[in-house]
Structure formats: C-alpha cells, structure tokens
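Structure first, commentary second.
Number of protein chains: 2
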Amino acid sequence: MNQQQLFEQIKKKQSFLCIGLDSDSKKIPQHLLKKEDPLFAFNREIIDATHDLAVAYKPNLAFYERHGSKGWLSLEKTATYLKSHYPEIFIIADAKRGDIGNTSTLYARAFFENMDFDAVTVAPYMGEDSVLPFLSFKNKWVVLLALTSNKGAFDFQFLKDEQSGNRLFESVLKISRNWGTTENMMYVVGATKAEKLKEIRNIVPDHFLLVPGVGAQGGSLKEVAGNGMNKKCGLLVNSSRGIIYASPDTDFAGKAREAARSLQTEMKELLNHAGLI
Amino acid sequence: MNQQQLFEQIKKKQSFLCIGLDSDSKKIPQHLLKKEDPLFAFNREIIDATHDLAVAYKPNLAFYERHGSKGWLSLEKTATYLKSHYPEIFIIADAKRGDIGNTSTLYARAFFENMDFDAVTVAPYMGEDSVLPFLSFKNKWVVLLALTSNKGAFDFQFLKDEQSGNRLFESVLKISRNWGTTENMMYVVGATKAEKLKEIRNIVPDHFLLVPGVGAQGGSLKEVAGNGMNKKCGLLVNSSRGIIYASPDTDFAGKAREAARSLQTEMKELLNHAGLI
Numbered sequence: 201m202n203q204q205q206l207f208e209q210i211k212k213k214q215s216f217l218c219i220g221l222d223s224d225s226k227k228i229p230q231h232l233l234k235k236e237d238p239l240f241a242f243n244r245e246i247i248d249a250t251h252d253l254a255v256a257y258k259p260n261l262a263f264y265e266r267h268g269s270k271g272w273l274s275l276e277k278t279a280t281y282l283k284s285h286y287p288e289i290f291i292i293a294d295a296k297r298g299d300i301g302n303t304s305t306l307y308a309r310a311f312f313e314n315m316d317f318d319a320v321t322v323a324p325y326m327g328e329d330s331v332l333p334f335l336s337f338k339n340k341w342v343v344l345l346a347l348t349s350n351k352g353a354f355d356f357q358f359l360k361d362e363q364s365g366n367r368l369f370e371s372v373l374k375i376s377r378n379w380g381t382t383e384n385m386m387y388v389v390g391a392t393k394a395e396k397l398k399e400i401r402n403i404v405p406d407h408f409l410l411v412p413g414v415g416a417q418g419g420s421l422k423e424v425a426g427n428g429m430n431k432k433c434g435l436l437v438n439s440s441r442g443i444i445y446a447s448p449d450t451d452f453a454g455k456a457r458e459a460a461r462s463l464q465t466e467m468k469e470l471l472n473h474a475g476l477i
Numbered sequence: 201m202n203q204q205q206l207f208e209q210i211k212k213k214q215s216f217l218c219i220g221l222d223s224d225s226k227k228i229p230q231h232l233l234k235k236e237d238p239l240f241a242f243n244r245e246i247i248d249a250t251h252d253l254a255v256a257y258k259p260n261l262a263f264y265e266r267h268g269s270k271g272w273l274s275l276e277k278t279a280t281y282l283k284s285h286y287p288e289i290f291i292i293a294d295a296k297r298g299d300i301g302n303t304s305t306l307y308a309r310a311f312f313e314n315m316d317f318d319a320v321t322v323a324p325y326m327g328e329d330s331v332l333p334f335l336s337f338k339n340k341w342v343v344l345l346a347l348t349s350n351k352g353a354f355d356f357q358f359l360k361d362e363q364s365g366n367r368l369f370e371s372v373l374k375i376s377r378n379w380g381t382t383e384n385m386m387y388v389v390g391a392t393k394a395e396k397l398k399e400i401r402n403i404v405p406d407h408f409l410l411v412p413g414v415g416a417q418g419g420s421l422k423e424v425a426g427n428g429m430n431k432k433c434g435l436l437v438n439s440s441r442g443i444i445y446a447s448p449d450t451d452f453a454g455k456a457r458e459a460a461r462s463l464q465t466e467m468k469e470l471l472n473h474a475g476l477i
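In structure tokens form, the structure reads like this:
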C-alpha cells in the first residue's frame, strides 16, 4: 500500500485508528480458551467487529512468541485472515527487529513475503545497514522507533549530541529520513510525548507517524492530532487494551466495537476540523 | 547458569567459543532438504560434532522466523536438544528484542521459560524498563547491544553526549551496568571494533562480553583476547559461517569440527598465555 492509498482509506473510513492486537491468553474472554486456536479466534472476532472503523491493525509479536511456534501460527492465520477478508487494511508487525544487513533481510522476508505484512517496526540502534534491507520491498514500510512512549525513553533517546546539538531521537529522525522516502518510512512517536510532536513535524513534515500510548498509557488524542496532523493526516494512532479488552465476557467484540467507534467519532471530528474530510 | 559455572566450562573445555547457528536453508548441505526438518537436522549434526569444543551456541532468530511457525518449531527443537543432551552448554537466543515493560516480560517468558535459553540479546534504545523484565529470571542473562560489528554502528553508537562526554555506546554501558549485575548482564561488542575493547573493559571490567565478527566479518581473535580478556576470561567469541558452512557437502559436520577445533586451539593458547588454565 502506498501513502496516497492509505490516506484514501483514512478519508473513506473517517478514521486514523490502528488497533493493537496485543492478544494475551490471560486476558481474552475465557470461553475462547476452549477453541482450537484461542488467539486467532479472538483476533478474528475483534477484526470482524471493528474493520470498518480502523485503517490499520498491529499485532505485537511478543504476545504470539509467548506461545512459541503455536503462537506464530496464530499470527500467520491472523495476517492471512486480514489480507484475504479486508485487503484495504494496513497491517503492521510490531516486532522491533533490527540486525546486521543479511540478517535483517531474513526478517524482512518473514514479515513481507511469508505473511504479507505492510510494515514492520524496526529499532534504530544498529544504524543504516540494519534498516535498508526492509526498504527494498516495493510498497512495504519500515516504522522506525524514534521517541517511544515508555519511561525508559528518557535513558538514551534524549541524550544530546555534542556536535549537532540534536537529541538522539532527533538524530535518528534526521539521519534516517535520508535512508528511505515518505513512501516507505514511518516513525514511532509515543502519545505520552505529544508535546514533542510539533518539533518532530519540523524534522519530518510529510512522514506518517505511528502513535502508541493513547488510552491506557495516558496520551491525549486531541493533543496528538493538534501537534502531529499534516495535510495527508500523517497519523496512525494506536489503541490496544482500551479496545480489545473493553469487556472480558462473551460480549467482547461488541464492546470492542463501541470503544473503537468512540475513538473513530473523535477522529472524524479532528479530520473534519483539519479540513481533510 | 551463573558466571562461575560458565568460567568453569571455559577452563574445562579450554575454549570460549560460541557457535552461531545462523542456519540458512539456502546454505546448508542440500541432501538435508529431504529431511522432515532440515534446519533441526543440520543443527543437531553441527552440535554433536562440536559440543566439546564450544561453551555456547547462539541461534539467530531471523534464520528461523524466515520459515514462520515451522522455523520456530526448528528453533524449539534445537533448544530442547541442546538442553537435554548437553546441559552444560550456555545457549543464547540472538533475538535483539526490547519493548515496553509488560511486553518485554512476554519475550522473556518465550525465551527463558518456554525454551529454557540461558540468555537473550536485547536492544537498548527503549531504555531501562524494556530491559528489566529480562533480568528478573534467576540464572538467566541479558546480552545488551553496546557496540555492534556492522558499518551502521557508526550512525548512532558514536554520537557524543554533550553533558557527560560519553559516546552513545559508552552511555549504554555506564547507565545499564546499574540495571543488573555481572551475574545477569553481558554486552555485545563487535570484534571489528577490537581496539575499543580496552576502553570498554575500563567501564565494565567484570562483565562477560559476547563478541561477534571474528572470521567472516574480519575481526582478529588475538586482538580481541589481548584487549578484552579478564580474570574469568569474560569473553564469548562467536563464529557462525566460518564453522557451520565449512563444507557444503555431506562432510559438513566433520569440517565444522575442524574449523571449531582450529579456533579452540587458538583459544587454548590465549587462555594459557593469560594464566587462566
């Protein structure tokens, strides 16, 4: 999927919602545990109930790897289900991978070829040659970690480079924006750092940003949109727990839809306010 | 396994060799492709042929994920085989993971509980709360990326912090050494940066270092030992391609043994020279 196609979906659905499929066998409704593949059964119901309200889904790999090869099978089935039933949806493997070049190529193949994900999250520590292999796949995206939503973001991401005066997350943005284009790179910017979005927009005005941390982690959607929206929206705002665990009972899919609808309604207003729809 | 037990193994085997199981279906001897699980069949023969010459094995996850859930099954079988046949061997999941706290806990469970790995490589970008969950498992280890062996290491790892004067990899070492102890943390330092090992030893004199990049990537074992060895050896030097692909034929296991023997002989001399055996 290219940037324009993603923007078209945002306008059509009046939503820039990404739903995080952090599907935890301890938190999903317990009646699903009797199913042959509980994680996939859960994901399928969540997806069916919310697909018209979200433009993207983002399974976090840790929740699947937790179950080893069986969990990977649930992930593969989820990706296949999304691509075959809802091909217009953008799917992100939240894997935070990154390794020396020939090894990153194998990760890229795992996510882009075997499972047809549209994007993979990648950690920047190992630099350009750990990221480039992901950028050589047509219409596929790297979502590079820039400024994360957790407390540990303050350990290294704010260190200020003596020579350039840039903080590390700014160096990551300024250096890496030359590795790819606005058609194959996005950045992770936590909603808990929404006040930084203005500065980040000065560095990468046209890139899409994937923004986690709205809801359970405390970020404000209005503040994110106010500081981060650009002329093609440029935002995918992720919500996981607030949607997928809206109810622990058999009504979980309906309640997930209500939670997603509530965010989508707010997003529609923000898109409207920005003159994008 | 604790640090003293690892050192005992090093003395007993007169080796600080780690063999990287970067098992690539395109590079393994082609007669193995007829087997039900070629990657596992390959790994098992390599392990059986070299287990007395190496103290550690390190499967890189990308080579397994490349094959999806089937590849994960090969990885699980490899870990189980190692632990059941050679329990004295230290096994490292080269996964370069790292995520917000609750998510890192799931990665830790995947590797430490489900598969009984002794250690996982972790990327430092997201800071303390992305690493701590891995450190709460008894006798398990984090191997944190500090200075990697690839060209991209120069993009961010050498940026110099204005306030402390530390380069990023030095900040990673100095800040993270307080998160755990010498009993649950190691660091990745590429052999291609062997001249930096002296400086790194000033910061973390007693930690074990995992050193990739000897052989195919060009690092020198003698230089690594000269600059990096401490009183408990403190080094695990990894070789992957040079050993596991020593021959593309049916004699691959024997040739792998010869290549491992050659490194182990050199290591024995270096340990001897240092008065450790």
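Protein chains in written order, with the working numbering: chain A, 201 to 477; chain B, 201 to 477. Virtual Cβ for every residue (Gly too), placed ideally from N, Cα, C.
Can you find a CB in chain B that lies within less than 9 Å of the CB of A:Ala-323? yes
Using a 10 Å radius around the Cβ and a threshold of 16 neighbouring Cβ atoms, would you call B:Asn-339 buried or exposed? exposed
Per-residue burial, B:Pro-287 [other beta carbons within 10 Å of its own, 16 or more giving buried]: exposed
Residues in the region 356-383 of chain A having any Cβ partner in chain B nearer than 9 Å: Phe-356, Gln-357, Leu-359, Lys-360, Asp-361, Glu-362, Gln-363, Ser-364, Gly-365, Asn-366, Leu-368, Ser-371, Val-372, Ile-375, Ser-376
Nearest neighbour of A:Leu-345, chosen from A:Ala-453, A:Ser-215, A:Ala-295 [CA to CA]: A:Ala-295
B:Ile-403 and B:Glu-328 closer than 9 Å at C-beta: no
Quick one: grab the DSSP three-state call for B:Trp-341. strand
Check for me: the beta strand (DSSP E) holding B:Leu-421 runs from which residue to which? That residue, B:Leu-421, is in no beta strand (DSSP E); its alpha helix (DSSP H) goes 421-428.
So, does the CB of A:Asn-243 fall closer than 9 Å to a CB anywhere in chain B? no
By alpha-carbon positions, which one of B:Lys-211, B:Lys-396, B:Lys-235, B:Pro-238 ends up nearest to B:Leu-471? B:Lys-211
Alpha carbon of B:Gly-220 to alpha carbon of B:Phe-207, nearest angstrom: 19 Å
Smallest Cα separation from B:Ile-247: which of B:Leu-273, B:Met-326, B:Cys-218? B:Cys-218
Could you pull out every residue in the same chain whose Cβ sits closer than 7 Å to the Cβ of B:His-251, ignoring the five residues on either side in sequence? Tyr-286, Ile-289
Alpha carbon to alpha carbon, how far is A:Ala-293 from B:His-267? Give it in angstroms, no decimals. 16 Å
Determine, using beta carbons only, whether B:Leu-410 and B:Val-424 come nearer to each other than 9 Å. no
Return the residue from the list A:Arg-309, A:Gly-352, A:Leu-359 that minimises the CA-CA distance to A:Trp-341. A:Arg-309
Taking A:Tyr-387 as the query, report the chain B residues whose CB atoms sit under 8 Å from its CB, ordered along the chain. What A:Tyr-387 touches in chain B: nothing, since even the nearest Cβ is about 13 Å away.
Is B:Met-201 helix, strand or coil when you go by DSSP? coil
Contiguous alpha helix (DSSP H) assignments of at least 4 residues, all confined to the region 388-471 of chain A: 397-403, 421-428, 441-444
Reference B:Thr-280, options B:Pro-259, B:Val-437, B:Glu-265, closest by Cα: B:Pro-259
Whole-angstrom distance between A:Met-467 and A:Ile-400, CA atom to CA atom: 21 Å
Compute the distance between the beta-carbons of A:Ser-215 and A:Asn-243, then report whether it is under 9 Å. no
Let me know the secondary structure DSSP gives A:Pro-324 once reduced to three states. coil
From the DSSP secondary-structure annotation, give me the bridge partner or partners of B:Ile-246. Its beta-bridge partners do not exist; DSSP assigns none.
Unbroken beta strand (DSSP E) run spanning A:Phe-311, endpoints: It is not in any beta strand (DSSP E) - A:Phe-311 carries neither H nor E in the DSSP assignment.
Please name the residues in the region 419-433 of chain B whose beta-carbon is closer than 9 Å to at least one beta-carbon of chain A, in chain order. none
Quick check: A:Gly-298 and B:Ala-323, are their CB atoms within less than 9 Å of each other? yes
A:Glu-383 versus B:Ala-446: straight-line alpha-carbon distance, rounded: 41 Å
What would DSSP say about B:Lys-360, mapped onto helix, strand or coil? strand
Less than 9 Å between CB atoms is the rule here; does B:Ser-301 satisfy it with respect to chain A? According to the sequence shown, residue 301 of chain B is Gly rather than Ser. Yes - at least one Cβ of chain A is within 9 Å of the one on B:Gly-301.
Separation of B:Gln-230 from B:Leu-335, as counted between CA atoms: 40 Å
Which of the three DSSP states is assigned to B:Leu-275 in this structure? helix
Measuring alpha carbon to alpha carbon, tell me which of B:Met-429, B:Arg-461, B:Lys-432 ends up nearest B:Ile-443. B:Arg-461
Which residue wins for smallest C-alpha separation from B:Gly-475, given the options B:Lys-455, B:Lys-432, B:Gly-454, B:Leu-463? B:Lys-432
Can you say whether B:Asp-451 is buried or exposed, counting buried as having 16 or more other CB atoms within 10 angstroms of its CB? exposed
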